[in-house]
Amino acid sequence: MNSVRRLITPIFALSLTCGGTARAANLLYNFEGDSGTTVTDKLTSDGAQNGVIYNNVDPTDNFDPRFGNQAAFFDNPPPLAEGDFSSIEIPDSTLAAGASFTLGGWVNQDVVSLPTARFRIFSSFSSGTVPNNVLLLDSGRSATNSSLRGIVGGIQFTGTVTPALSPGYHHYAMTVDGTVSGNSAVQLYIDGNPISTTASGTLGAYSNTVNLRIGEDVSLYPRTNSANEQIVGNADDMFMISRSLSPAQISSIYNGGTGAPVSNVITPVGGEKAVYYNFEGDTGTTVTDKFTLDGNQNGIVRASGTVDSAAANAKVGNTSFNFLDPQPPTTPGNQIFSQINAGQVGDLGPNFTISAVVNPYTNGQVSNGVARILSSYAGTGSTAGSLILDFNPSTVTGIRLFLPSNTGAATLTVAGPNKPDLNINTKQTLTIVYETGTTNDSVKLYLDGTLVASKTDLPAGTVQTLGTNELRIGEDRGGYRGAYANENFTGSMDDVMILGRALTPEQVTFLNANGADALIATLPTGIPGDFNADSKVDGADFLVWQRNTSVGSLNDWKTNFGTVGAEGAVGVVPEPATAAMACVGFAALFTRRSRRFPA
295 MNSVRRLITP IFALSLTCGG TARAANLLYN FEGDSGTTVT DKLTSDGAQN GVIYNNVDPT
355 DNFDPRFGNQ AAFFDNPPPL AEGDFSSIEI PDSTLAAGAS FTLGGWVNQD VVSLPTARFR
415 IFSSFSSGTV PNNVLLLDSG RSATNSSLRG IVGGIQFTGT VTPALSPGYH HYAMTVDGTV
475 SGNSAVQLYI DGNPISTTAS GTLGAYSNTV NLRIGEDVSL YPRTNSANEQ IVGNADDMFM
535 ISRSLSPAQI SSIYNGGTGA PVSNVITPVG GEKAVYYNFE GDTGTTVTDK FTLDGNQNGI
595 VRASGTVDSA AANAKVGNTS FNFLDPQPPT TPGNQIFSQI NAGQVGDLGP NFTISAVVNP
655 YTNGQVSNGV ARILSSYAGT GSTAGSLILD FNPSTVTGIR LFLPSNTGAA TLTVAGPNKP
715 DLNINTKQTL TIVYETGTTN DSVKLYLDGT LVASKTDLPA GTVQTLGTNE LRIGEDRGGY
775 RGAYANENFT GSMDDVMILG RALTPEQVTF LNANGADALI ATLPTGIPGD FNADSKVDGA
835 DFLVWQRNTS VGSLNDWKTN FGTVGAEGAV GVVPEPATAA MACVGFAALF TRRSRRFPA
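Per this note's numbering, the sequence shown starts with residue 295, numbered consecutively.
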């Protein structure tokens with residue numbers, strides 16, 4: 295029975311008739327005649343795969359291109375025009391020296407992976423060293439714990455809770471008792487419970503001479519500054535009162551996690567400074583103070599914050615306040631490093647060549663200096679299933695190639711000095727040649743037409759496909775601006791080519807000397823059914839098709855079996871009907887074997 299099973303696969307494959315044609319991997323961007331945000335594919339036998347420019351790529355660069363009159367120059371993207379971070383200013387929230395007070399409220403921080411991993415709840419901090427006249431209450435979450443920090447009189451009080459708080463609303467509070475001396479005057483609370491703290495020194499004199507902000511510091515750091523601790527999410531029932539509330543009162547406001555209106559727990563008295571924002575009845579950027587015995591201290595909304603009337607987003611009542619991140623939306627036009635999107639390339643085919651002329655001006659990624667030439671990698675996680683060709687012009691990293699069939703490690707790594715350099719007067723050609731063999735597949739790496747590395751033990755018939763992932767030139771698919779892991783290419787690039795055939799060493803040398811256009815003019819026209827691009831249709835092409843039927847139509851192979859192009863015109867040419875006869879012969883063999891080995 296096993297013998298029959300071994301026969302079924304090739305014979306069934308032969309009996310198929312694939313009506314579709316192969317999507318051969320053929321693409322050439324030589325940038326000649328291009329302008330604007332589109333680069334045209336000059337090899338369109340498989341359909342025009344025009345590239346789309348994202349950000350700052352100039353396809354009209356005419357500063358000494360290697361071939362032709364134009365190249366593409368990849369430059370850093372322009373800085374983003376961003377507003378200040380959202381916050382609410384509390385008018386008349388200064389405090390006299392030694393005053394008692396309580397700060398508290400509910401916060402649902404949506405984004406916990408901020409650059410500083412913290413978010414401000416209340417702050418009168420601006421910049422520089424924290425002075426004695428600053429008040430601050432902020433929090434942060436890590437994978438294992440959550441922290442709360444209060445700064446009073448220049449002394450930091452920090453406490454942690456383990457395990458980390460779950461996502462969603464949590465209640466934070468700080469009380470300072472001006473009648474008590476030393477560090478015992480300060481108490482921090484998370485979710486209604488007092489927490490132990492560690493102090494950076496001994497509390498002495500303190501005051502607050504600047505109005506407090508909810509959600510961010512007074513200076514409203516722009517996004518380009520890494521020291522931003524904004525709330526991105528919602529806040530509710532925020533209050534301040536010039537009285538040190540008791541643990542029982544803080545617990546009552548927390549109310550077992552369901553929350554109670556602050557006005558149900560405390561009532562301001564004459565002479566107390568009190569502010570209460572519950573956002574009920576407010577709209578837009580209007581935030582009204584509900585404790586008015588000391589006058590109306592309506593909130594002043596800064597930047598992109600707004601009252602949120604969705605009851606589902608509130609903690610107490612039906613309304614809360616939403617602190618928006620003011621950075622522009624993450625879109626290809628404004629948020630990623632400069633690159634060209636070549637779209638979905640799909641299968642590279644059993645034989646292919648990848649080539650590009652590069653002239654880097656600077657190093658790539660900050661940590662390792664690597665710059666991407668081509669990449670279908672998402673930018674995070676495993677590189678398995680990705681095509682990556684990159685290099686480091688300054689270190690021994692040299693050139694790296696990742697094939698999509700690999701499990702994550704580089705297929706080829708070539709240490710320096712075999713690498714493109716930073717000399718703007720030199721333009722170097724990197725060429726990858728992949729070839730399917732009967733025993734093993736192989737891949738070769740050339741620099742300026744010279745073989746610098748090869749790998750000849752790849753499993754025979756390995757399918758190299760990018761799947762549905764788009765191919766990018768100059769950066770990863772996920773090369774988001776502002777991310778640390780960016781390997782963007784800066785400099786000029788020319789003659790970016792993917793060719794559905796394996797070039798010979800002589801052709802690689804010719805390509806380096808004369809360019810892609812000149813090379814393509816010397817290549818013979820492809821023959822339908824020549825799946826391994828060796829200019830003849832024979833049994834080797836059937837083996838390629840059998841391993842991966844998506845390479846093309848078996849009908850093309852049947853029709854053109856025995857046809858030899860200019861490059862492959864050696865040996866005897868079989869009769870055109872041989873392919874059809876082979877199909878009949880295989881079918882007859884299968885019939886006879888089926889009778890001898892019944893199921």
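The C-beta atom is built at its ideal place from N, Cα and C for all residues, glycine as well.
Beta-bridge pairing by DSSP links tryptophan 839 to no other residue.
The DSSP-derived three-state label of glutamate 800 is helix. In the three-state reduction of the DSSP assignment, glycine 398 falls in the strand class. Annotation for lysine 749: the continuous beta strand (DSSP E) segment containing it runs 744-753. Secondary structure in the stretch 446-514: the beta strand (DSSP E) runs of 3 residues or longer, each lying completely within the stretch, are 449-455, 464-470, 480-484, 487-489 in chain order. Within the same chain, and ignoring the five residues on either side of proline 555 in sequence, the residues whose Cβ sits closer than 8 Å to its Cβ are Asp531, Asn572, Val610, Gly611.
Counting the other CB atoms within 10 Å of its CB gives glycine 327 a total below 16, which places it among the exposed residues.
Nearest neighbour of leucine 765 by Cα position, chosen from Tyr655, Gly553, Ile634, turns out to be Ile634. Distance from the CA atom of threonine 582 to the CA atom of glycine 575, rounded to whole angstroms, is 9 Å. Looking only at Ser649, Gly643, Pro687, Gly679, the smallest Cα-Cα distance to glycine 658 is reached by Pro687. Selection Arg841, Leu739, Asp850, Val346 evaluated against alanine 796 yields Leu739 as nearest (Cα-Cα). Scanning the stretch 693-726 for uninterrupted alpha helix (DSSP H) segments of 4 residues or longer gives nothing; none is fully contained.
Out of Thr723, Thr756, Asn842, Asp684, the CA that lies nearest to the CA of asparagine 700 is found in Thr756.
Scanning its chain for C-beta atoms nearer than 7 Å, with the 5 sequence neighbours on each side dropped, one finds around isoleucine 718 the residues Asn653, Tyr655, in chain order.
Taking asparagine 590 as the centre and dropping the five residues before and after it, the same chain places the C-beta of Thr582, Asp583 closer than 8 Å to its C-beta, in chain order. The beta strand (DSSP E) runs lying completely inside the stretch 579-613 and spanning 3 residues or more are 593-596, 600-602, given in chain order. Taking every protein chain shown into account, the CB of glycine 809 has 16 or more other CB atoms within 10 angstroms, so this residue is buried.
The stretch 662-682 makes no contact with the stretch 734-752, as fewer than three CB pairs between them are under 8 Å. The secondary-structure analysis by DSSP pairs valine 790 across a beta bridge with Tyr323. Residue burial is scored here from C-beta neighbours: glutamate 510 has at least 16 other C-beta atoms within 10 angstroms and is therefore classed as buried. Less than 8 Å separates the beta-carbon of proline 359 from that of alanine 365.
Under the three-state reduction of DSSP output, aspartate 335 falls in the coil class, being neither helix nor strand.
Histidine 464 and arginine 507 have their C-alpha atoms spaced approximately 19 Å apart. By the Cβ neighbour-count rule, threonine 674 is exposed, with fewer than 16 other Cβ atoms within 10 Å of its own.
Straight-line measurement puts the Cα of proline 385 at about 7 Å from the Cα of asparagine 592. Beta-bridge annotation (DSSP): serine 417 is paired with Leu430, Arg507. The residues Ser418, Asn502, in chain order, have a CB closer than 6 Å to that of leucine 429 in the same chain once the five nearest residues on each side in sequence are set aside. The C-beta of phenylalanine 357 has fewer than 16 other C-beta atoms within 10 Å across all chains shown, which makes the residue exposed.
For valine 737, same chain residues with a beta-carbon under 6 Å away, outside a window of 5 residues either side, are Tyr728, Lys749 in chain order. Boundaries of the alpha helix (DSSP H) harbouring aspartate 850: 848-854, taken from the DSSP string.
Taking the Cα positions, glycine 476 is about 23 Å away from glycine 486. As the crow flies, the alpha-carbon of threonine 438 is around 18 Å from that of aspartate 404. DSSP places alanine 810 in the helix class (H, G or I) of the three-state scheme.
A distance below 6 Å between beta-carbons, with the five flanking residues on each side excluded, links valine 664 to the following residues of its chain, in chain order: Gly658, Asp684, Asn686, Glu781. Nearest to leucine 681 by alpha-carbon distance, out of Asn662, Thr705, Gly823, is Thr705.
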